[in-house]
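Student:
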Amino acid sequence: MTTDLYRERLLDHFRNPRNRGELDGADLIRRGSNPRCGDEVEVGLFLRGDKVESVKFRGRGCSICIASSSMMTDAVRGRSRDEVHHLCEQMQAWFGEGSDDPDAGAPPGDLQALSGVRGHQARHRCVLLCWEALSDALDAL
Numbered sequence: 001m002t003t004d005l006y007r008e009r010l011l012d013h014f015r016n017p018r019n020r021g022e023l024d025g026a027d028l029i030r031r032g033s034n035p036r037c038g039d040e041v042e043v044g045l046f047l048r049g050d051k052v053e054s055v056k057f058r059g060r061g062c063s064i065c066i067a068s069s070s071m072m073t074d075a076v077r078g079r080s081r082d083e084v085h086h087l088c089e090q091m092q093a094w095f096g097e098g099s100d101d102p103d104a105g106a107p108p109g110d111l112q113a114l115s116g117v118r119g120h121q122a123r124h125r126c127v128l129l130c131w132e133a134l135s136d137a138l139d140a141l
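Residue numbering for the sequence shown follows the working numbering, beginning at 1 and increasing consecutively.
If you want it as structure tokens, here you go:
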């Protein structure tokens, strides 16, 4: 994919966030904040047995934070808890220190649109905030 297509996908998720709304009925809710950027996100996890039926989020944040949150909710829907936990770890590793290879450990599908942010260390927290909240929710089970 080209950089322009990635940029378009991020802007689409920012302008039209998926699964953003009230968290009523969520099995678990976890919050994350990034004082450096002003991002504040709450993630609600809706479970059915061992499956993540859906994830919703609410809050405010920069375009990267909102786009990442929207993309996360799409990426984890219908997956097992283990699969979601693995995806959280994969995102952490992909944005971790020393991950200079753009394709090393790249997550699936639309999440790759976040690759443009990898070169901007100061913005990594904007991407990972929702993933950390989701991981915290999974760890609380």
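Yeah, the Cβ is synthetic: ideal placement off N, Cα and C, and Gly gets one too.
Pick out whichever of 112, 107, 132 has its Cα sitting closest to the Cα of residue 42.
Tutor: 132
Student: DSSP three-state label for residue 18, please.
Tutor: coil
Student: Buried or exposed: which applies to residue 30, given that a residue is buried once 16 or more other Cβ atoms fall within 10 Å of its Cβ?
Tutor: Under this definition residue 30 is a buried residue.
Student: Using a 10 Å radius around the Cβ and a threshold of 16 neighbouring Cβ atoms, would you call residue 15 buried or exposed?
Tutor: exposed
Student: Mapping DSSP to helix, strand and coil, what is residue 74?
Tutor: In this structure, DSSP gives residue 74 a helical state, which the three-state scheme calls helix.
Student: Leaving aside the five residues before and after residue 116 along the sequence, list all residues of the same chain whose C-beta is less than 8 Å from its C-beta, in chain order.
Tutor: So the qualifying residues of the chain are 3, 6, 7, 10.
Student: Taking the C-alpha atoms as reference points, what is the distance between residue 1 and residue 59?
Tutor: Here the model assigns residue 1 a pLDDT of 48, short of 50, so the residue's position is not dependable, and the following value carries that caveat. Roughly 30 Å between the two C-alpha positions.
Student: Going by DSSP, name the residue or residues bridged to residue 48.
Tutor: Answer is 51.
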